[in-house]
Each structure stands twice: as structure tokens, then as C-alpha cells.
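Colleague: Residue numbers (full-length UniProt numbering): 1 to 121. Where a beta carbon is used, it is the ideal one built from N, C-alpha and C, also for glycine. Have a look at the structure that comes next, please.
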């Protein structure tokens with residue numbers, strides 16, 4: 001049986017700045033953290049428990065110094081589903097949730113969704 005195996009790169013952009021002056025920055029790390037937490041509810045609350053779906057945030061990259069708010073953060077995800085309807089739902093919800101959570105924190109997000117397939121068993 002085949003399932004989808006999509007790769008998603010979310011680039012969260014804000015306004016970098018010094019850690020001593022966070023009020024003049026837009027912190028993409030905080031926005032990215034909010035996105036990570038919100039994405040965890042998709043499978044547990046929006047996918048039928050009898051269906052198969054996985055959303056894995058496998059990498060987070062952002063910033064180089066402990067006292068600097070970076071301009072951007074990159075999240076890398078793997079998304080798997082067996083049914084085309086579930087795959088479409090996951091894509092729609094990941095995009096909507098990432099966009100909304102970024103906006104809550106005055107940041108923006110670019111969604112790069114790459115579709116693929118994996119062989120199971």
C-alpha cells in the first residue's frame with residue numbers, strides 16, 4: 001500500500017533585532033513555536049481516528065546568537081496520509097494554521113509544500 005509522503009518547509013519571517021530591545025522586533029522564534037504547538041492538533045482533533053495521518057516537525061532552524069532575534073526561522077515537516085481526502089485536509093490546515101499563527105505574532109510565513117509518495121510494507 002502506498003501513502004503520501006509530503007515535505008513541507010515553513011519559513012517564518014519577522015523583524016530581527018537585539019534581544020535587549022524585543023519591542024522593536026517581530027520575533028519569528030515565538031511565532032514558530034506557536035505554529036509547532038498548533039500543528040499538533042491537526043491529527044488529534046481533525047482527522048478521523050480510523051484514518052492514518054502523521055504530521056512530524058523534524059527540524060527547526062533559526063538564529064545564531066543568544067542575544068539576537070533572528071529575521072527568520074525555518075521549520076521542516078513530513079506529512080503522511082493514506083487517503084487523498086486526508087492529504088488535502090492536512091495541506092489545507094497546515095497552510096491555514098501556519099498563516100494564522102504567524103499573523104498573531106505580526107510575522108509572515110512562506111509555505112513550500114512538496115508532494116511525494118512512500119511505499120508502506
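1) For residue 74, list the residues DSSP reports as bridge partners.
2) Can residue 38 and residue 47 be called in contact, C-beta distance under 8 Å?
3) Identify, in the order they occur along the chain, each residue of the same chain with its Cβ nearer than 7 Å to the Cβ of residue 91, setting aside the five sequence neighbours on each side.
4) Straight-line CA distance for residue 57 to residue 111?
5) Does DSSP classify residue 56 as helix, strand or coil?
6) Express the C-alpha separation of residue 104 and residue 23 in angstroms, rounding to a whole number.
7) Going by Cα to Cα distance, which pick from 17, 31, 76, 36 is closest to residue 64?
8) What's the C-alpha gap between residue 29 and residue 3?
Modeller: Quick look at the numbers:
1) 11, 61
2) no
3) 113
4) 14 Å
5) strand
6) 15 Å
7) 17
8) 32 Å
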